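Going line by line, the protein sequences match chains A and B.
Whatever position you read off the first sequence (first residue = 1), add 53 for the numbering used here.
Whatever position you read off the second sequence (first residue = 1), add 24 for the numbering used here.
Shown next, in structure tokens, is the structure this report addresses.
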Amino acid sequence: MKTDWAEENLQTIRTLMERSAVYRRALAPIMLLSGMLGVAAAIAGLLVQLNSFPEFLALWFSTATLATVGAFLIARRQALKDKEVFWSPPTRRVAQSLLPPFLAGLFFGVFPAFMHAPPEAALLVALVWILFYGCALHAAGFFMPRGIRVFGWLFIASGCVLFCAFMADLPQGDGTGYYLMGFFFGVLHLAYGAYLYLTERKYPVA
Amino acid sequence: MSMLAATPELTFTELRDALTMTDGNLTTHIKALQQEGYVSVAKSYQNNRPLTTCSLTTAGRKAFAEYINLLEQIVRQNKPE
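See the structure below:
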């Protein structure tokens, strides 16, 4: 009985420590990188006029891949710098929580492309991505600061509201999909990253 | 140490209240940990009042993780089959 109690307490301490490690692991630079890539992709899409649905899809899948690789490298760099294990159990759990909504988002992007969806589908797919991304952030939020869950809820609520608004009146071929993606995956990430930078304290090493 | 390991930083007041220690007692503990290089203390002002915040250093985090590993090992060894 006593050993179980001690084991449970040690497990709690370990979980809290690992959770804290994930929290410290470069959330602000990851948000800023994702935001910059999001804004750049939206501007590129609008300027180059990638209006067809497959072009929209290709641009955003490439951006998502770049952002994921970048986030992975930033997190790994910080883990190495702090002499911590990168692929720790909480990191695995964060990855596992992100995976289902990301795969669902991938499906909802690829499936319409196979069905030769018209350019207007880009807007609906953008909304679906915003919703799934919100779900992914919320699911991963267990090992992150409370703010990331609020950030996830912002995506979910905005996605639902916009979905209802656009169902009533679907804009036709005016780049709304790019504006939405640019705002949610660009501007909002930049704003959250800047907020984290400004509010996180730098710790002196004794 | 375990409280500081679970969060980026804690104020002196938060630590004192959570551990139900006196100011003097906590100061002594923090000073000892600071001398070993396990804890860093930052002094600042919040609303014109002095604010002392404590955080674990990289060395402190590493030492604490090793300590937890050791405790887990002891618990495993004493666990009845």
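All residues carry an ideal CB built from backbone N, CA and C; glycine is no exception.
Computed from a predicted structure; not experimentally measured.
| query | result |
| --- | --- |
| Any idea if residue 183 (chain A) is buried or exposed, counting beta-carbon neighbours within 10 angstroms, 16 or more meaning buried? | buried |
| Could you pull out every residue in the same chain whose Cβ sits closer than 8 Å to the Cβ of residue 244 (chain A), ignoring the five residues on either side in sequence? | 88 |
| Pull up the CB-CB distance for residue 169 (chain B) and residue 69 (chain A), whole angstroms please, since I reckon it's below 8 Å. | Here chain B covers residues 25 to 105 and nothing more, so residue 169 (chain B) does not appear. |
| Starting from the Cα of residue 251 (chain A), find the closest Cα among A:188, A:82, A:128, A:66 and give me that residue. | A:82 |
| Under 8 Å: do the region 105-116 of chain A and the region 153-173 of chain A share three or more Cβ pairs, one atom per stretch? | yes |
| So residue 86 (chain B) contacts chain A; which residues on that side make the cut at Cβ distance below 7 Å? | 136 |
| Mind checking whether residue 179 (chain A) and residue 220 (chain A) have CB atoms under 8 Å apart? | no |
| Beta-carbon separation of residue 165 (chain A) and residue 189 (chain A) under 8 Å? | no |
| State the CB to CB distance for the pair residue 84 (chain A) and residue 223 (chain A), rounded to an integer number of angstroms; the pair is presumed to be in contact (CB under 8 Å). | Residue 84 (chain A) to residue 223 (chain A), Cβ: 31 Å. No contact. |
| Given a limit of 7 Å on CB to CB distance, which residues of the region 54-71 of chain A reach chain B? | 56, 59, 60, 63, 66, 67, 69, 70 |
| Going by C-alpha to C-alpha distance, which of A:124, A:103, A:115, A:63 sits closest to residue 242 (chain A)? | A:124 |
| Taking 8 Å as the limit between beta carbons, can you name the residues of its chain near residue 53 (chain B), skipping five residues before and five after? | 45 |
| Just checking: is the beta-carbon of residue 258 (chain A) within a distance shorter than 8 Å of some beta-carbon in chain B? | Only weak support exists for where residue 258 (chain A) lies, its pLDDT of 40 falling under 50; the coordinates are left without a value. |
| Return the CA-CA distance between residue 93 (chain A) and residue 121 (chain A), expressed in angstroms with no decimal places. | 16 Å |
| Who are residue 69 (chain B)'s beta bridge partners in DSSP? | B:74 |
| Going along chain A in order, which residues have a C-beta closer than 9 Å to the C-beta of residue 92 (chain B)? | 63, 66, 67, 70 |
| Looking only at its own chain, which residues have a Cβ that is under 8 Å from the Cβ of residue 207 (chain A), when we skip the five neighbours before and after it? | 187, 241 |
| According to DSSP, is residue 252 (chain A) part of a helix, a strand, or is it coil? | helix |
| Relative to chain A, which residues along the region 39-60 of chain B have a C-beta separation below 7 Å, given in chain order? | 58 |
| Check whether the Cβ of residue 35 (chain B) lies closer than 8 Å to any Cβ atom in chain A. | no |
| Bridge partners for residue 163 (chain A) per DSSP, in chain order? | In DSSP, residue 163 (chain A) forms no bridge with anything. |
| Excluding the 5 residues preceding and the 5 following residue 239 (chain A) in the sequence, name in chain order all residues of the same chain whose CB lies nearer than 6 Å to its CB. | 88, 91, 92, 95 |
| With which residues is residue 35 (chain B) paired in a DSSP beta bridge? | B:77 |
| Kindly provide the ranges of any beta strand (DSSP E) runs that are 3 or more residues long and lie completely inside the region 169-221 of chain A, ordered along the chain. | none |
| Spatial neighbours of residue 113 (chain A) within its chain, please: C-beta separation below 6 Å, excluding the five flanking residues on both sides. | none |
| Quick check on the burial criterion: 16 or more other C-beta atoms within 10 angstroms. Buried or exposed for residue 43 (chain B)? | exposed |
| Am I right that residue 132 (chain A) and residue 139 (chain A) are in contact with their C-beta atoms under 8 Å? What's the rounded C-beta distance? | 4 Å |
| Please confirm if residue 75 (chain B) has its CB atom under 8 Å from at least one CB of chain A. | no |
| For residue 31 (chain B) and residue 237 (chain A), what's the separation of their Cα atoms in angstroms? | 29 Å |
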